[in-house]
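See structure below.
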Ligand code: ARG
């Protein structure tokens with residue numbers, strides 16, 4: 013029979029193991045069984061292969077499944093190995109399984125089928141992570157902390173506002189994955205090698221049996237394209253980049269005792285007994301490299317491949333699997349580290365007042381009283397310049413003196429002393445900024461409920 017002939021022709025030789033993807037294909041073992049089942053059921057329904065033979069093939073596939081991927085021995089990939097295992101059980105008639113298809117449409121279907129599962133897994137991990145971050149936001153809407161630009165004290169904000177900034181980025185990461193999912197979930201089956209088939213296949217039916225939403229139309233495109241991998245791993249790399257910023261923030265906070273990580277998410281030093289290091293978050297940051305490497309590897313693999321199928325494609329999937337596994341784990345660990353951390357309110361509030369971080373609020377106050385903002389900025393900048401090295405912020409008297417200097421009138425002419433003192437207080441400074449999306453507790457509550 014043809015299979016035996018083919019096996020003889022390609023048995024052995026120094027390139028045998030180089031050609032083989034059988035080990036890597038463990039990832040798509042279950043997918044291949046599903047694809048085989050859908051295909052042979054369709055063949056029976058269409059009267060292309062008789063029902064009795066298809067029944068035997070399905071029974072053999074059950075046995076192959078029970079024996080597991082590790083039991084496969086023959087073949088240069090999982091598709092060939094499963095076919096051989098079926099033929100071993102059914103006899104030559106088992107070879108009818110491969111009627112009206114090619115490994116090209118088969119492997120493309122397997123990758124899409126498995127990737128769909130992995131993306132769903134990542135999405136549910138992401139949703140769980142976002143719920144954890146939202147819980148932190150609800151608990152810490154009044155935990156004032158310093159906000160930074162250029163890593164320098166900028167304006168006071170809250171832990172809730174900070175954590176929501178990541179939750180919202182993760183919303184978009186979720187959206188990008190859902191968009192990609194739509195285009196993953198199309199069936200290439202029935203494309204055969206690339207040029208279609210003379211058999212009366214029912215492509216809609218195999219798509220339906222495998223839960224694909226639609227059929228990838230053009231058979232050359234269907235067997236050749238891996239752009240759904242590019243799109244998915246781009247989204248994964250973007251997600252990893254979001255996580256790496258979150259991780260970096262927490263690492264910096266931990267270095268200043270602005271956060272205390274739970275022991276479960278910390279590591280110690282083998283020599284320095286006093287150390288408690290944020291290693292989990294450093295690995296989250298480090299895994300961004302896995303994701304961008306995956307995207308790069310994938311794009312490099314695919315670049316310039318001619319239509320329709322080339323064996324290079326056998327090396328495309330691994331980039332995607334590595335990236336998605338690595339980032340799925342990162343989502344869980346990053347969210348867990350944040351959810352279980354302790355935010356020391358007093359330390360954070362004191363830090364929020366450092367470096368005259370309330371300056372913008374004082375300028376805003378003057379501007380609200382009618383002083384042009386640029387002039388108000390000048391008044392406060394001058395007060396900032398006059399601060400002693402050990403002073404965090406000017407007091408009312410110092411501000412008033414500068415105001416008189418610049419504006420020609422004492423500060424009381426513009427704003428009440430009490431209002432200025434409020435603006436100089438980090439907590440009040442946060443409460444003032446209740447614009448949509450801002451850090452004031454009411455604005456944060458809106459963001460939490462929207463999320
Ligand atoms: N194992 C291959 C892959 O993963 C599929 C085999 C198609 N081989 C071929 N020579 N057309 O891409």
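In the UniProt record's numbering, the protein residues as written are 13 to 463.
Here a beta-carbon is modelled for each residue, glycine too, at the ideal position from N, C-alpha and C.
Just so it is clear, the structure is predicted and the values come from calculations on it, not from any experiment.
Within 8 Å, strictly: CB atoms of residue i and residue j
i: residue 331; j: residue 309; result: yes
i: residue 463; j: residue 88; result: no
i: residue 377; j: residue 431; result: yes
i: residue 205; j: residue 175; result: no
i: residue 290; j: residue 262; result: yes
i: residue 202; j: residue 184; result: no
i: residue 299; j: residue 260; result: no
i: residue 217; j: residue 57; result: yes
i: residue 192; j: residue 131; result: yes
i: residue 109; j: residue 129; result: no
Any non-hydrogen atom of ligand 1 closer than 7 Å to residue i Cβ
i: residue 116; result: yes
i: residue 325; result: yes
i: residue 119; result: yes
i: residue 33; result: yes
i: residue 275; result: no
i: residue 321; result: yes
i: residue 334; result: no
i: residue 86; result: no
i: residue 233; result: no
i: residue 89; result: yes
Supposed contact pair residue j and residue i - C-beta distance, whole angstroms, cut 8 Å
i: residue 406; j: residue 395; result: 4 Å
i: residue 196; j: residue 137; result: So it is not a contact: roughly 17 Å between Cβ atoms.
i: residue 242; j: residue 336; result: Contact flag wrong, Cβ pair sits at about 13 Å.
i: residue 155; j: residue 360; result: 6 Å
i: residue 328; j: residue 158; result: So it is not a contact: roughly 45 Å between Cβ atoms.
i: residue 61; j: residue 53; result: Actually they do not touch by this definition, with Cβ atoms about 10 Å apart.
i: residue 391; j: residue 418; result: 5 Å
i: residue 369; j: residue 168; result: 5 Å
i: residue 344; j: residue 404; result: Residue 344 to residue 404, Cβ: 39 Å. No contact.
i: residue 235; j: residue 313; result: With 8 Å as the limit, residue 235 and residue 313 do not qualify as a contact, their Cβ atoms being about 16 Å apart.
i: residue 213; j: residue 112; result: 5 Å
i: residue 254; j: residue 182; result: 6 Å
i: residue 357; j: residue 144; result: That belief does not hold up - the Cβ atoms of residue 357 and residue 144 are roughly 20 Å apart, past 8 Å.
i: residue 351; j: residue 147; result: 7 Å
Residues of its chain near residue i, where Cβ-Cβ distance is below 7 Å and the 5 sequence neighbours each way are ignored
i: residue 457; result: 153
i: residue 13; result: Note that residue 13 scores 43 on pLDDT, short of 50, meaning its location in the model is unreliable and no value can be drawn from it.
i: residue 101; result: 72, 75
i: residue 32; result: 88, 89
i: residue 349; result: 262, 273, 277, 292, 293
i: residue 477; result: In the structure displayed, the chain extends from 13 to 463; residue 477 sits before or after that span and is not available.
i: residue 125; result: 43, 46, 47, 222
i: residue 165; result: 158, 366, 367, 369
i: residue 338; result: 299, 302, 303
i: residue 38; result: 81
Other residues of its chain near residue i: CB distance less than 8 Å, five sequence neighbours each side excluded
i: residue 34; result: 84, 87, 88, 89, 90, 93
i: residue 16; result: Note that residue 16 has pLDDT 49, beneath the 50 cutoff, so the model's placement of it is unreliable and no number is given.
i: residue 189; result: 131, 134, 135, 138, 244, 247, 248, 251
Counterpart residues of residue i in DSSP-defined beta bridges
i: residue 59; result: Note: residue 59 sits in no beta bridge, so no partner.
i: residue 354; result: 272
i: residue 168; result: 158
i: residue 289; result: 279
i: residue 90; result: None, per the DSSP bridge assignment.
i: residue 198; result: 226
Beta-carbon proximity list for residue i, same chain, < 6 Å, skipping 5 on both sides
i: residue 440; result: 434
i: residue 114; result: 204, 205
i: residue 443; result: 452
i: residue 459; result: 176
i: residue 29; result: none
i: residue 422; result: 412, 416
i: residue 122; result: 40, 43, 44, 47
i: residue 140; result: none
i: residue 381; result: 426, 427
i: residue 171; result: 152, 155, 157, 355
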